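Using our numbering, the first residue of the sequence shown is number -2, and each one after it goes up by one. For each residue, glycine too, the CB sits at the ideal point set by N, CA and C. Owing to the predicted nature of the structure, the values given are computational and were not obtained by experimental measurement. The block underneath contains the structure these notes are about, expressed in structure tokens.
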Amino acid sequence: VMMAESAMILSRLTRSEELGGLRVEGEVLCTIVHCLRCAIDGELWASFSWRLGEVLEPICRLSENEHNCQVFAAEGACKLLISVLQMPECGEAITLAGHTPSSGGPHCIQALANMAEHPACRAGLMGV
């Protein structure tokens, strides 16, 4: 979990033009996808209550790397991101359970667009 947290923080600190070179280990990306599942379901995991706003931006930014996209797609991130797009949006300072933050939609759309550029990822999107 600490490696996933570190990767998410690093993605936020990395300049946009350098994100394509930010390749993260598959196991760490799998943990990030699990964090996304927990945020969607409102589940506590690793003694932490995951929030969509904390996970969606790093997934969006990490999806700029082809390897990361392939791992995300293999772990079912496409389906999860689409389920987030179907949630009602919340403009409050603290996002309500079962809602996505106002920035969530654009992050999901960008991550899905990044994943759709790669053949292996497109196959995952077709099954959604």
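* Whole-angstrom C-beta distance between S44 and M160, which should lie under 8 Å -> This structure cannot speak to residue 160, because the chain is shown only from -2 to 125.
* Asked: Residues in its own chain within less than 7 Å of H96 by CB, not counting five upstream and five downstream?
  -> The residue you call residue 96 lines up with position 99 of the sequence shown. The answer, listed in chain order, is M84, P85, E86 and C87.
* Helix, strand or coil for T97, going by three-state DSSP, please let me know. => In the sequence shown, counting from the first residue as 1, residue 97 sits at position 100. Assigned with DSSP and collapsed to three states, T97 falls in strand.
* To do: Leaving out five residues on either side along the sequence, give the residues of the same chain with a beta carbon under 8 Å from the beta carbon of H127.
  => It is not possible to answer for residue 127, since the shown part of the chain is limited to -2 through 125.
* Using the rule of at least 16 other Cβ atoms within 10 Å of the residue's Cβ for burial, across every protein chain shown, is A1 buried or exposed? -> If you number the sequence shown from 1, residue 1 lands on position 4. Per the 10 Å Cβ criterion, buried.
* Own chain, CB closer than 6 Å to E72, minus 5 neighbours either side, in chain order -> Walking along the sequence shown from the start, residue 72 turns up at place 75. Correct list, in chain order: C27 and V30.
* To do: Compute the Euclidean distance between the alpha carbons of L10 and A120, then round it to the nearest angstrom.
  => Within the sequence shown, numbered from 1, the residue matching residue 10 stands at position 13. Within the sequence shown, numbered from 1, the residue matching residue 120 stands at position 123. Those two C-alpha atoms are separated by around 31 Å.
* Can you name the start and end residues of the alpha helix (DSSP H) that R58 belongs to? -> As a working mapping, residue 58 is identified with position 61 in the sequence shown. In the DSSP assignment, R58 falls within the unbroken alpha helix (DSSP H) covering L49 to L59.
* **C-beta atoms of L33 and H104 nearer than 8 Å** => Position 36 of the sequence shown, counted from the first residue, corresponds to residue 33. Position 107 of the sequence shown, counted from the first residue, corresponds to residue 104. No, Cβ-Cβ distance for L33 and H104 is not below 8 Å.
* G102 versus V25: straight-line alpha-carbon distance, rounded -> Taking the first residue of the sequence shown as position 1, residue 102 is located at position 105. Taking the first residue of the sequence shown as position 1, residue 25 is located at position 28. One C-alpha to the other measures close to 23 Å.
* **Backbone CA spacing between V(-2) and I56 [nearest angstrom]** => The residue given as residue -2 occupies position 1 in the sequence shown. The residue given as residue 56 occupies position 59 in the sequence shown. Their backbone Cα atoms lie some 15 Å apart in a straight line.
* Asked: If you draw a straight line from the alpha carbon of S3 to that of R58, how long is it in whole angstroms?
  -> Looking up residue 3 in the sequence shown gives position 6. Looking up residue 58 in the sequence shown gives position 61. Rounded to the nearest angstrom, the two C-alpha atoms are 14 Å apart.
* Asked: Out of curiosity, what's the CA-to-CA distance linking I37 and S100?
  -> Start at 1 with the first residue of the sequence shown, and residue 37 comes out as number 40. Start at 1 with the first residue of the sequence shown, and residue 100 comes out as number 103. Answer to the nearest angstrom: the Cα atoms are 15 Å apart.
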